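Here is the structure we will look at.
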Amino acid sequence: MILTPGAFVRCGLIAVAAVILQISGLGTGRVFGGYVDLVPLVVVAVAIYAGSIPGASMGFGVGLLLDLLVGQTMGISSLVLTAVGYGVGRYREVRDPAHGLMAIPVGAAATLAWVLAYAAVSFMLEIGASVSPVVIREMIATTLLGALLALPVFAICRRILRPVLLIDPLDLRRRRQGPRETGPIGLRGLEV
Amino acid sequence: MFDSKVIRRRRAALAIFVALSIGMLTAYFGESGGGVFHTLQRGAQEAFAPLETGASRALKPFRDLFGWFGDTLDAKGENEDLREEVEDLRMRLAESDTARRDARELRGLVGLTEAEGFPQGTEPVAARVIARSPTVWYSSVKIDKGSGDGLREDQPVIARGGLIGKVTSVTGGTAEVTLITDASSAVSAQVQPNGASGIVRPLVGKPDDLLLDYIEKGRRVTEGTIVVTSGLTSSRVESLFPRGVPIGRVTRVDPQEVEQFQRVHVQPFADIRQVDYVQVLTERGSATEQAGVALP
C-alpha cells in the first residue's frame with residue numbers, strides 16, 4: 001500500500017462505515033441462528049490486499065473503534081483483530097493468493113478466528129456465567145455467513161483501496177503467464 | 001519480503017499494537033468509571049451518536065427483513081402456544097380483577113402503601129435503541145436518551161413484556177443499557193405466587209433462557225409460574241430494581257437432588273434480541289452511592 005493521506009482516509013472510511021453498520025443494524029439481524037459480522041471481513045480484506053502491517057493497523061483501529069462505541073472492555077477487540085489482520089496479511093505475503101474466490105475461505109477463516117479468539121479472551125478476562133451450547137451453533141452460523149458475505153465485502157474494499165495499492169493480487173493473477181512451450185527442457189519459463 | 005529491515009519493521013508494528021491493546025486492557029480494568037478510558041468511551045459514543053441514529057433508521061428495513069424470515073419460521077408453532085396463553089390469560093385476568101378488589105380493601109385495612117403490580121414512584125422515559133453490542137458476550141444496547149432526559153446510572157429499563165436491564169453509563173444524549181442477558185447481570189427475583197426468591201442470571205448465548213438460581217429447596221416452583229423482581233431491601237443492601245417488574249415465566253425446573261438450592265429456567269417476557277423501544281424508570285434516584293453494596 002502506498003502510505004499517503006488518501007490511503008489513511010480510505011482505510012478510516014472503511015473502518016467507520018463497517019463499525020457503524022455493524023452496531024446499528026447488521027449485528028442484530030439473526031439468520032439461521034448467526035449474525036452478520038462485517039468487522040473481521042473488512043480487516044482481512046485490507047490485510048489481503050495491502051499486507052501484514054496495514055492489516056494489523058486496520059485490525060487495531062477497527063477494534064479500538066468498536067470497543068469505544070459499544071462500551072465494552074477496551075483492548076479486547078483491538079488485540080484480537082490486530083492478530084487476525086496480521087495473520088492474514090502474512091498469509092498474503094508468504095503464499096501470494098491470487099484466486100478470484102480466495103475471499104470465501106479467507107473470510108470464513110478470519111470470522112471463525114475472530115469469534116473463537118474473542119470468546120477465549122473474554123473467558124480469560126471476565127466472563128463467569130454459564131455458557132450455552134447454542135454459542136457454538138451461533139459461531140458456526142456466523143462463520144458461514146462471513147463466508148457468504150466475503151466476496152461482496154472484499155470487492156467493495158478492493159474498489160476503495162485500489163488507487164492506493166502497490167500490488168493488487170487479482171491484477172497480478174491476470175498478468176501471470178503460463179510456462180513457455182518451446183526451448184530447452186531445463187530452461188522453460190526462464191525467458192531464455 | 002525477506003529484507004531484514006522489513007521484517008524488523010513488521011515485527012515492531014505488531015509488537016506495538018499488541019502492547020497498546022494489552023495496555024488498554026490493563027488500564028481499563030484498573031480504572032474507575034470516571035477514568036480516562038471510560039471518559040473516552042463516553043465521548044466517542046456522544047460524538048458518534050447522530051451517525052448511529054441515522055444508520056439505525058436507515059437499516060431498519062433490512063433488520064425487519066431479517067426478522068421477518070425468522071419470525072415466519074417461528075410463527076406457526078408460536079400461534080398454537082399463543083392461543084393457549086390467551087385462554088390462560090383470560091382466566092388469570094378474571095382472577096386478577098377479583099384479587100385486585102380484595103387487595104384494595106386489604107390495603108385500606110392494614111395501611112399498606114405499596115401497590116401491587118407495577119412499581120409506583122417511577123417516571124418512565126421512552127427511548128429508542130440506536131445501537132447494539134455485536135457479540136453474545138456483552139449484551140448491551142445504546143439508547144437515544146441520556147442525562148439531559150433525567151436518566152442516571154443503575155435505573156431499571158423495561159421493554160414490551162418486562163424487565164430488560166439497567167442503565168450502566170450515561171452521556172448527555174445517550175445511555176448504555178446492560179441487558180439482563182449480559183454475563184455480568186444478576187437480578188434478585190421472586191416467583192409468583194409462592195414468593196420463592198432467587199437470583200436471575202443469564203445463560204450466555206441463549207437470550208431466551210435465563211436461570212433463576214439460589215431458590216430454597218423447600219419452596220416448590222412449578223412450570224408456568226411468573227417471575228418478577230423482588231426489590232429486596234434490608235438494612236445493608238437495596239436492590240436496584242423496584243419490586244414487581246415482570247421478568248419472565250418459568251419454563252423448566254432442574255431436578256438437582258444433591259444441591260442445596262433449586263435452579264429453574266425462565267423465559268423472559270421481553271424479546272430482548274428484537275427490542276427497538278424501551279422505557280427507563282427514572283426518579284428512583286441514582287444508586288451510585290449504593291452501587292458498592294447494592295444487590296444487582
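Chain order of the listed sequences is H and Z.
Everything in the first sequence is counted per my numbering, starting at 1 for the first residue and increasing by one.
Everything in the second sequence is counted per my numbering, starting at 1 for the first residue and increasing by one.
Glycine is no exception: its CB is placed at the ideal position from the N, C-alpha and C atoms.
Quantities reported herein were computed from a predicted structural model and do not represent experimental measurements.
Nearest-angstrom Cα separation, counted from V275 (chain Z) out to G195 (chain Z) | 29 Å
Output the boundary residues of the beta strand (DSSP E) element that contains D213 (chain Z).
-> 210-216
V9 (chain H), buried or exposed, once every other Cβ within 10 Å from all chains shown has been counted against 16 | exposed
Mind listing the chain H neighbours of I22 (chain Z)? Cutoff is C-beta to C-beta under 9 Å, in chain order.
-> G75, L79
Mark W68 (chain Z) as exposed unless 16 or more other C-beta atoms lie within 10 angstroms of its C-beta, in which case mark it buried.
-> exposed
Note down the Cα distance separating L82 (chain Z) from D271 (chain Z), rounded to an integer number of angstroms.
-> 15 Å
V43 (chain H) by DSSP, collapsed to three states: which one?
-> helix
Bridge partners of F261 (chain Z), per DSSP?
-> Z:E216
Nearest to K60 (chain Z) (by Cα), restricted to the options Z:Y277, Z:G172, Z:A186, Z:L203 | Z:Y277
How would you list, in chain order, the residues of chain Z whose beta-carbon sits under 9 Å from the beta-carbon of T82 (chain H)?
-> L14, F17, V18, L20, S21
According to DSSP, which residues form a beta bridge with T282 (chain Z)?
-> Z:E123
8 Å Cβ shell around L125 (chain H) - same chain, five flanking residues per side excluded = T73, I76
By DSSP, does A115 (chain Z) sit in helix, in strand, or in coil?
-> With a pLDDT of 42 at A115 (chain Z), under the threshold of 50, the modelled position of this residue cannot be trusted, and the question is left open.
Quick one: is V192 (chain H) near chain Z, going by C-beta distance under 9 Å?
-> Low confidence applies to V192 (chain H): its pLDDT is 49, below 50, so where it sits in the model is not reliable enough to give any reading.
Does the beta-carbon distance from A127 (chain Z) to S24 (chain H) come in below 9 Å?
-> no
When Cβ atoms are compared, which residues of the stretch 39-55 of chain Z fall closer than 9 Å to chain H?
-> L40, Q41, R42, G43, A44, Q45, F48, L51, E52, T53, G54, A55
Residue burial classification, I136 (chain H) (beta-carbon count within 10 angstroms, cutoff 16) | exposed
Quick check: the stretch 55-69 of chain H against the stretch 85-105 of chain H, are there 3 or more CB pairs under 8 Å?
-> yes
For D254 (chain Z), the three-state DSSP class (helix, strand or coil) = strand
Cβ of F8 (chain H) within 9 Å of any chain Z Cβ = no
Just how far apart, CA to CA, sit R243 (chain Z) and S21 (chain Z)?
-> 41 Å
Report buried or exposed for K206 (chain Z), applying the criterion of at least 16 other Cβ atoms within 10 angstroms of its Cβ.
-> buried
Which chain H residues are close to E84 (chain Z), counting only those with a beta carbon under 9 Å from its beta carbon?
-> Result: empty, since nearest Cβ-Cβ is about 25 Å, beyond 9 Å.
Give a yes or no on whether the minimum CB-CB distance between I48 (chain H) and chain Z is below 9 Å.
-> no
9 Å Cβ cutoff, S169 (chain Z) in contact with chain H | yes
Inspect the beta-carbon positions of V221 (chain Z) and A189 (chain Z) and report whether they are closer than 9 Å.
-> no
S139 (chain Z) in three-state terms, based on DSSP | coil
Using a C-beta cutoff of 9 Å, does I156 (chain H) count as contacting chain Z?
-> no
Length of the line joining the Cα atoms of I140 (chain H) and I104 (chain H) | 15 Å
So who's on the other strand from E176 (chain Z), going by DSSP bridges?
-> Z:K142, Z:S169
Comparing alpha-carbon positions, which option in Z:I130, Z:E85, Z:S184 lies nearest I226 (chain Z)?
-> Z:E85
Taking the continuous beta strand (DSSP E) assigned at I226 (chain Z), which residues delimit it?
-> 226-229
Closer than 7 Å at the beta carbon, the chain Z residues around G71 (chain H) | Q41, Q45, S140, S169, E176
I104 (chain H) in three-state terms, based on DSSP = helix
If you compare alpha carbons, which of Z:G43, Z:E31, Z:T53, Z:D97 is closest to I143 (chain Z)?
-> Z:T53
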